[in-house]
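Colleague: Add 64 to the 1-based position in the sequence shown for this note's numbering, that's all there is to it.
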Amino acid sequence: MLFLLQLLLVPPATDATLHARSATAPRIAFSAFQNGQWDIYTTSPEGDDLRRLTADPYEDTDPAFSPDGTRLAYASRRNGNWDIYLLDLASGEETRLTDHPHYDGKPAWRPDGGAIAFESYRSGDLDVWLLELAPGAAPRNLTADSPAGDFDPAWDDTGDRLFFASWRAGDNDLWALTLSDGSLEQLTTSPAAETQPVWDAPHRRLAFTRNTLGDADVWVQSGETATPYTWLGSVSHPAFRPDGTGIAAIWDRHRGAQLVRLDEGEPLPTYLTAPALLQGGLSWHP
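1. Would you kindly report the start and end of the unbroken beta strand (DSSP E) that includes TYR355?
2. Return the first residue and the last residue of the beta strand (DSSP E) that ARG274 is part of.
3. Return the chain-ordered ranges of every beta strand (DSSP E) run that is complete within the stretch 208 to 276 and spans a minimum of 3 residues.
4. When the Cα of PHE228 is compared with those of ASP237, THR222, GLY297, which residue comes out closest?
5. Considering only residues of the stretch 123 to 198, which uninterrupted alpha helix (DSSP H) runs meet the minimum length of 4 residues and lie entirely inside it, listed in chain order?
6. If you count every other CB in all the chains shown that lies within 10 Å of the CB of ARG317, and 16 or more means buried, which is it?
7. Have a look at the DSSP bridge pairing and note the partners of THR289.
8. Give every residue of the same chain whose Cβ lies closer than 8 Å to the Cβ of ALA340, excluding the five residues on either side of it in the sequence, and list them in chain order.
9. When you compare only the Cα positions, how much space is there between GLY287 and THR252?
10. Quick check on the DSSP output: the beta strand (DSSP E) that includes ILE302 runs from which residue to which?
11. So what does DSSP say about GLY320, is it helix, strand or coil?
12. Would you mind giving the Cβ-Cβ distance between SER254 and ARG232, rounded to the nearest angstrom? I have them listed as a contact below 8 Å.
13. By a C-beta neighbour count over all protein chains shown, 10 Å radius and 16 as the cutoff for buried, is GLN260 buried or exposed?
14. Locate the beta strand (DSSP E) running through TRP102, then write down its first and last residues.
15. Determine the contact status of SER184 and ASP191, defining contact as a CB-CB distance below 9 Å.
16. Nearest to LEU153 by CA position, among ARG174, ALA128, HIS166, is which residue?
17. Please state whether the Cβ-Cβ distance between VAL284 and ASP307 is less than 9 Å.
18. Here's the rule I'm using: 16 or more other beta-carbon atoms within 10 Å means buried, otherwise exposed. How should TRP239 be labelled?
19. Along the chain, where does the beta strand (DSSP E) that runs through GLY345 open and close?
20. Between SER247, GLY156, ALA257, which has its C-alpha nearest ASP120's C-alpha?
21. Quick one, are the C-beta atoms of ASP124 and ASP147 less than 9 Å apart?
22. Measure from the alpha carbon of ALA201 to the alpha carbon of each residue in ARG268, LEU136, LEU161, then state which is nearest.
23. Less than 7 Å between C-beta atoms, sequence neighbours within five positions excluded: which residues of the same chain meet that for ARG142?
24. Could you have a look at THR334 and say whether DSSP puts it in helix, strand or coil?
25. Would you kindly work out how many angstroms separate the C-alpha atoms of ALA280 and ARG274, rounded to a whole number?
26. Could you check how far apart the C-beta atoms of ALA93 and LEU346 are, in whole angstroms? I think they sit under 8 Å.
And the structure:
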């Protein structure tokens, strides 16, 4: 288990070599509150080699590795406004992707790396938007059909199906939008709140957080069958290991939240950070 002191003393990533190592080795990215600010960190799946990727005075959250692992998208609150930014992990160069007076957050990469889905209040309610990463491209609203909140976008491996959470059926459920034909499918109908979907391509299943009366755990759904993946309580923000044999998640305990790894078939978690202030989402690559 890591000591909290180790997290406090991690220096910011400032040189190209450090950034490049973060991009090529297996990493889990997360956001932690240390020294009075939220920054993006990465760790190995074993919980060592902890690195800080951002060290600005702003709130940096919701990291998402690009499919090739060379870039990191994240949300940042600067001058009172949340927008999406892009960090090149080899050079450290930062690019602002969105610039709007309303909230933009939760970036999710399309599998081909050519576009990012994100959630935004720019239309007056919370919707899922798509931004093609091409010069002059403008974001477009993918869920303008409903005044209900639509959020937490996540892609399947084809890049044609986009999962998201929504209030459009009266409570928090998961939906899937097929971009090629515009069709919508409701995936969950339980009275619990289901959010934070993430796709496991090798096993063709969806993981998500299910919150029942204030107690959250990670569930997985294959077809129409959903089963619990964790039974610990207060577990959220799953991120699949790329081969689908485990997840990283945030376990919110009485001493603080911890980043944990839960391997398939193992009843107990592996602790990757000491108790601290953490918030999702998480991203695991490769």
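Positions of the beta carbon are idealized from the N, C-alpha and C atoms, including for glycine.
Modeller: So, to answer that:
1. Because the chain is modelled from 65 through 350, residue 355 falls outside the range shown and cannot be assessed.
2. Here residue 274 refers to the residue found at position 210 of the sequence shown. Run containing ARG274: 269 to 276, per the beta strand (DSSP E) assignment.
3. 214 to 219, 225 to 230, 237 to 242, 248 to 250, 257 to 264, 269 to 276
4. By one-based count along the sequence shown, residue 228 stands at place 164. Per the Cα distances, ASP237.
5. none
6. Taking the first residue of the sequence shown as position 1, residue 317 is located at position 253. ARG317 should be labelled exposed.
7. Within the sequence shown, residue 289 is the residue found at index 225, counting from 1. SER286.
8. On the sequence shown, residue 340 is found 276 positions in, with the first residue counted as 1. Closer than 8 Å at the Cβ level, and outside the excluded window around ALA340, lie LEU68, LEU71, ALA96, PHE97, GLN98, GLY320, ALA321, GLN322.
9. On the sequence shown, residue 287 is found 223 positions in, with the first residue counted as 1. On the sequence shown, residue 252 is found 188 positions in, with the first residue counted as 1. If I take the Cα positions, the gap works out to 11 Å.
10. On the sequence shown, residue 302 is found 238 positions in, with the first residue counted as 1. It should be pointed out that residue 302 corresponds to Pro in this sequence rather than to Ile. It spans 299 to 304 - the beta strand (DSSP E) in which PRO302 sits, taken as one unbroken run.
11. As a first step, residue 320 is located in the sequence shown; it is residue number 256 there, counting from the start. Of the three classes helix, strand and coil, the one that applies to GLY320 here is strand, per DSSP.
12. Translated into positions along the sequence shown, residue 254 becomes position 190. Translated into positions along the sequence shown, residue 232 becomes position 168. At roughly 15 Å, the Cβ-Cβ gap does not stay under 8 Å, so SER254 and ARG232 are not in contact.
13. Working through the sequence shown from its first residue, we reach residue 260 at position 196. Counting Cβ neighbours within 10 Å, GLN260 comes out buried, since at least 16 surround it.
14. For the purposes of this step, residue 102 is taken as residue 38 along the sequence shown, with counting starting at 1. Looking at the DSSP string, the run of the beta strand (DSSP E) that includes TRP102 is 101 to 107.
15. Within the sequence shown, residue 184 is the residue found at index 120, counting from 1. Within the sequence shown, residue 191 is the residue found at index 127, counting from 1. Yes, they are a contact pair.
16. In the sequence shown, counting from the first residue as 1, residue 153 sits at position 89. Residue ALA128 is the option with its Cα nearest to LEU153.
17. Here residue 284 corresponds to residue number 220 of the sequence shown, with the count starting at 1. Here residue 307 corresponds to residue number 243 of the sequence shown, with the count starting at 1. The answer is no: Cβ separation not under 9 Å.
18. In the sequence shown, residue 239 corresponds to position 175, counting from 1. Buried, because 16 or more other Cβ atoms sit within 10 Å of the Cβ of TRP239.
19. As a working note, residue 345 is residue 281 in the sequence shown. First-last of the beta strand (DSSP E) with GLY345: 341 to 349.
20. Numbered from 1 along the sequence shown, position 56 holds the residue referred to as residue 120. The shortest C-alpha separation from ASP120 is found at GLY156.
21. Taking the first residue of the sequence shown as position 1, residue 124 is located at position 60. Taking the first residue of the sequence shown as position 1, residue 147 is located at position 83. No; because the gap between Cβ atoms is not below 9 Å, this pair is not in contact.
22. Translated into positions along the sequence shown, residue 201 becomes position 137. Measuring from the Cα of ALA201, the nearest candidate turns out to be LEU161.
23. As a position in the sequence shown, residue 142 is number 78, starting the count at 1. Closer than 7 Å at the Cβ level, and outside the excluded window around ARG142, lie TYR122.
24. Taking the sequence shown and counting its residues from 1, the one referred to as residue 334 is at position 270. Of the three classes helix, strand and coil, the one that applies to THR334 here is strand, per DSSP.
25. Along the sequence shown, one-based indexing puts residue 280 at 216. Along the sequence shown, one-based indexing puts residue 274 at 210. Taking the straight line joining both Cα atoms gives about 6 Å.
26. Reading the sequence shown from its first residue, position 29 is the one you call residue 93. Reading the sequence shown from its first residue, position 282 is the one you call residue 346. That pair is a contact at about 7 Å.
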